[in-house]
Amino acid sequence: MADRKMSLKELSEKVGVANVNLSKMKTGKISAIRFSTLEAICDVLDCQPGDILEYKKDD
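Just so you know, we're using the numbering used here here: the sequence shown kicks off at 3 and counts up by one.
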């Protein structure tokens, strides 16, 4: 988002997902995401899923 100079509010409007849900995604406070949502985010940000997702192994 920073590279694209896009606010969370603007991304929310373009993707069609509530601002609060995107905020939770951004802070890592979700356990799942729909592929359609991920696709929409990648489309708006012109990126790949690997650019915005990170895998953390549970201890």
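For glycine and all other residues, C-beta sits at the position ideal for the given N, C-alpha and C.
The structure presented is a predicted model; accordingly, all values stated were derived computationally and were not measured.
In whole angstroms, what separates the C-alpha of residue i from that of residue j?
i: Lys-16; j: Asn-23; result: 14 Å
i: Ala-20; j: Phe-37; result: 16 Å
i: Gln-50; j: Cys-44; result: 6 Å
i: Asp-60; j: Gly-52; result: 19 Å
Identify, in the order they occur along the chain, each residue of the same chain with its Cβ nearer than 8 Å to the Cβ of residue i, setting aside the five sequence neighbours on each side.
i: Arg-6; result: Leu-47, Asp-48
i: Leu-10; result: Met-3, Asn-21, Leu-24, Ser-25, Lys-28
Helix, strand or coil for residue i? Go by DSSP, reduced to three states.
i: Asp-45; result: helix
i: Met-27; result: helix
i: Leu-10; result: helix
Which residues in the same chain have their Cβ closer than 6 Å to the Cβ of residue i, if we skip the five residues on either side of it in sequence?
i: Ser-33; result: none
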